[in-house]
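Number of protein chains: 2
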Amino acid sequence: MPVTIRDVARASGVHISTVSRTFSAPHLVNPETRVRVLACAEDLGYRPNRAARALITGRTHNIGLIIADIANPFFPPLIKAAEGQARHRDYHIFVADTNEDPMAEEELVHALAKQVDGVLLCSPRMSNSLIEQLSREVPLVVINRQVTGLPCVVMDVGQGARSAIEHLVGLGHTAIGLLSGPRGSWTSREIRRAAGAAARAGGAELTVLGPNPPTEHGGLALAEHVQRSGVTAVLAYNDLMAIGLIEGLDALGVRVPQDVSVVGIDDIALSRLTRPKLTTVATPTAAAGRTAVDMLLQQDTDAPRGPRGVGRGTAVGARRTTAQVMLQTELVIRDSTGPASGAGSPGAARVGPDPHRPADPGRPRAATGGAVAS
Amino acid sequence: MPVTIRDVARASGVHISTVSRTFSAPHLVNPETRVRVLACAEDLGYRPNRAARALITGRTHNIGLIIADIANPFFPPLIKAAEGQARHRDYHIFVADTNEDPMAEEELVHALAKQVDGVLLCSPRMSNSLIEQLSREVPLVVINRQVTGLPCVVMDVGQGARSAIEHLVGLGHTAIGLLSGPRGSWTSREIRRAAGAAARAGGAELTVLGPNPPTEHGGLALAEHVQRSGVTAVLAYNDLMAIGLIEGLDALGVRVPQDVSVVGIDDIALSRLTRPKLTTVATPTAAAGRTAVDMLLQQDTDAPRGPRGVGRGTAVGARRTTAQVMLQTELVIRDSTGPASGAGSPGAARVGPDPHRPADPGRPRAATGGAVAS
DNA sequence: ATGAAAGCGCTAACAC
DNA sequence: GTGTTAGCGCTTTCAT
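Quick mapping for you: the protein sequence lines, in order, are chains A and H. Residue numbering for the first sequence follows our numbering, beginning at 1 and increasing consecutively. Residue numbering for the second sequence follows our numbering, beginning at 375 and increasing consecutively.
Dropping the structure here:
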């Protein structure tokens, strides 16, 4: 039923190898022949079978993308960007969801390995050593984690957390809570480290609560804990948790930001829609997706021309250069943070019809990270 | 580098076909041999090359999933469910995003056709006839659209819209606006049709505004229009638009639900987090994803044993039975709808610390659709 | 510039 | 129960 290279060959009166060349090395075929073949292919509706091609070239033109949780709004923009970039380069993306399960991650890498030219490992929860091991099976690009020796793209959440803490300290907060993320998260460790240092530098005390599931519920469940802990400000692992926490505090009658300030991380679309609008550290997720695809593809196209043209030179020291890209983050100050304690006038705040603040006056930026490559 | 079936054969001292059988028809091989082969395969790290297998079996064990916009929070749960169900059945999912572009849809079907055993076409914007045509190239299951002759899974948005309108009419609204969705959306047409009928039946007037992009911005942009139109209630094509509209109205000083009631459709996670919490028609998106995968796979496994065992019987009338599944929807009443006009006491509503309603008292359900097959 | 032939990794008759 | 053989659709030497 499906039309193959042979049908096209027959129709255009050439050998199949000529048809093949027409598609994979057009310059090697006579322009006239090429046109004729192309025409036949066109109206037979011929499409090269990529699987068959892959069998011999070793290139599937597929990329695997392993995600902790597609339903977490942090990821879709990243997926979308990766998919777009990949398609733009004539690649397709396999998406797999691990449900935050480290076991699933490993299994999925194995399952995908043969079908793809490389895998984008997003926010992995497994160990570094396992990642390294897997990278010997299939080219890997790690997102949201630094693994030495492997290409990575991370957001500078350290800088982001620092800015957030400085922002809170600047508002007079001296007892700050940190809702950490899931166990195994590089990002969570980074945040904790940076936040701890920044708090110390600012003379504030940091109370770490966690680890927690990186979900709205994870935040919500901590509301009472936060209330009892006596902190006046909280930095959450991500926006979802921050939003959940605000919900939870609200239910306890604790007002944000009057009683407690809350800062999130990610700047998902949602954070502009909740009330109060969330102060958060914006992470460039789309850029991360695009960059990761580019890095993988570059690595991919570099590979084949490795030991070629090299006479009997030194033992091919040209190990692939594995870049580590760090993307900038930016603190976006909205309405969920305010001066510490007594400053607000309880009861008067947020009354009915028009509690409209200057409404997001052009995204005041506060800090940035830097770009680094190694 | 990669270990093939031949390596395993050599290691276990059998012919490659035995190894092959061990994986694709274990019952045909001597238990002892099987164990030995499996052991060798195990510690050589052998994984069957699915592409090579597909070349001969015609089954790739891949499914294509074409989505209008991954970043639209309506879709991730569907993707996640589909992916999970697929993996559970040992299939992988290719995800592609069309950016709401009908052209991209067609191209993507073509691009995926050879790589997958079937395609899930989600919320297609292209024409029915084109869909039918494409279905001759690759098995299709259509989601969120009814196409006669093709397997479909749709949500009963008609029933949902009806319930929504009845709810509004019951609250005394007689001038109701409908924010329609994107051109080419089956769902949008269904909603419009059902909402129109329900409004007529309830003695209310329905003003249709659209088509519109199915995004937050699409709703936000309509705020002024809604305000001027004089309607006291609005049903939006989806939650995103409803939320955008509320934002927009809020900016104009129009209060929801005191001045205008707003109902969304979908019940995305977000709609529980905005203020006011959104009254909306819940659609079972995860179920839709799972069901679609099941339908595709069933069709897929049915296909091969078609003209087999049939003596010289009648001309194989056994055309595949294409089911059309309709999933129930449910009106979830929250805080964005209220009595028409004068009923609310402006200014007193929603004051500071504790404007807590009975907080979602167990999801009052109001209506359901039915399940149908053809 | 084009044809011939080998073979990618695997499965599927068909023998034995 | 297992080995033999042919070939899926395609690319890629190697001749011509």
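We treat Cβ as the ideally placed atom computed from N, Cα and C, and that holds for glycine.
Item, Value
"Asn-381(A) versus Tyr-611(H): straight-line alpha-carbon distance, rounded", "Shown here, chain A extends from 1 to 374; a query on residue 381(A) therefore has no answer."
"Proximity below 9 Å, CB of Leu-28(A) to CB of Ile-66(A)", "no"
"In DSSP terms, what Ala-96(A) is bridged to", "Ile-66(A)"
"Selection of the segment 107-138 of chain A by Cβ proximity to chain H, strictly under 9 Å", "Leu-108, His-110, Ala-111, Leu-112, Ala-113, Lys-114, Gln-115 and Glu-137"
"Cα-Cα separation, Arg-350(A) to Arg-629(H)", "Caution applies to Arg-350(A), whose pLDDT of 33 falls short of 50 and renders its modelled position unreliable; the model cannot decide the point."
"Chain-order list of residues whose beta-carbon lies under 6 Å from that of Arg-410(H) (same chain, five-residue window excluded)", "Ser-386"
"Beta-carbon proximity list for Gln-85(A), same chain, < 8 Å, skipping 5 on both sides", "Gly-289, Arg-290, Val-293 and Asp-294"
"Proximal residues, the segment 627-659 of chain H versus chain A, C-beta separation under 7 Å", "Gly-627, Arg-629, Leu-644, Leu-647, Thr-648 and Arg-649"
"Within 8 Å of chain H by C-beta, residues of the segment 79-95 of chain A in sequence order", "Ile-79, Lys-80, Glu-83, Gly-84, Arg-87, His-92, Ile-93, Phe-94 and Val-95"
"contact_flag[the segment 227-236 of chain A, the segment 168-181 of chain A] where n(CB pairs < 8 Å) is 3 or more", "yes"
"Simplified DSSP assignment, three categories, for Gly-264(A)", "strand"
"Neighbour-count burial assignment, Thr-283(A), 16 or more Cβ in a 10 Å radius", "buried"
"Rounded straight-line distance, which links the Cα of Leu-38(A) to that of Ser-20(A)", "11 Å"
"9 Å Cβ cutoff met for Pro-650(H) and Ser-710(H)", "yes"
"Cross-chain neighbours of Leu-55(A) in chain H, by beta carbon under 9 Å", "Asn-423, Ala-425, Ala-426 and Leu-429"
"Short-range partners of chain A found in the segment 388-421 of chain H, where Cβ spacing is below 7 Å", "Arg-421"
"Proximal residues, the segment 218-232 of chain A versus chain H, C-beta separation under 7 Å", "none"
"Neighbour-count burial assignment, Thr-279(A), 16 or more Cβ in a 10 Å radius", "buried"
"Span separating the alpha-carbon of Glu-480(H) from that of Asp-464(H)", "27 Å"
"Paired residues, beta bridge with Gly-118(A) - DSSP", "Ile-63(A)"
"Residues of its chain near Pro-211(A), where Cβ-Cβ distance is below 6 Å and the 5 sequence neighbours each way are ignored", "Ser-180, Pro-182 and Arg-183"
"Same chain, Cβ closer than 6 Å to Ala-428(H), neighbours up to 5 away in sequence not counted", "Thr-434"
"Reference Ala-549(H); option with closest CA among Pro-450(H), Val-636(H) and Arg-461(H)", "Val-636(H)"
"Neighbour-count burial assignment, Glu-205(A), 16 or more Cβ in a 10 Å radius", "exposed"
"Stretch pair the segment 519-532 of chain H + the segment 490-510 of chain H: three plus CB contacts closer than 8 Å", "yes"
"For Ala-198(A) and Ile-165(A), believed in contact at Cβ under 8 Å, the rounded distance", "4 Å"
"Val-377(H) versus Ser-391(H): straight-line alpha-carbon distance, rounded", "16 Å"
"Exposure of His-15(A), with buried meaning 16 or more beta-carbon neighbours within 10 Å", "exposed"
"Residue-chain proximity (Asp-414(A), chain H), Cβ-Cβ < 9 Å", "In the structure as shown, chain A begins at 1 and stops at 374. Residue 414(A) is therefore absent and cannot be evaluated."
"Enclosing alpha helix (DSSP H) for Val-600(H) [first to last residue]", "597-603"
"Unbroken beta strand (DSSP E) run spanning Thr-653(H), endpoints", "653-656"
"Close beta carbons around Leu-134(A), own chain, < 6 Å, minus the five adjacent residues each side", "Val-109"
"Sequence-distant residues of the same chain with beta carbon closer than 6 Å to Gly-438(H), five excluded per side", "Phe-468, Leu-486, Val-490 and Val-493"
"Neighbour-count burial assignment, Gly-219(A), 16 or more Cβ in a 10 Å radius", "buried"
"Gly-370(A) at chain H interface by Cβ criterion, 9 Å", "With a pLDDT of 36 at Gly-370(A), under the threshold of 50, the predicted position of this residue should be treated as unreliable, though the coordinate-derived value follows. Taking Cβ atoms only, chain H never reaches closer than 9 Å to Gly-370(A), which makes this a no."
"Where Gln-431(A) sits in the DSSP three-state scheme", "As displayed, chain A neither begins before 1 nor continues past 374, which places residue 431(A) out of reach and without an answer."
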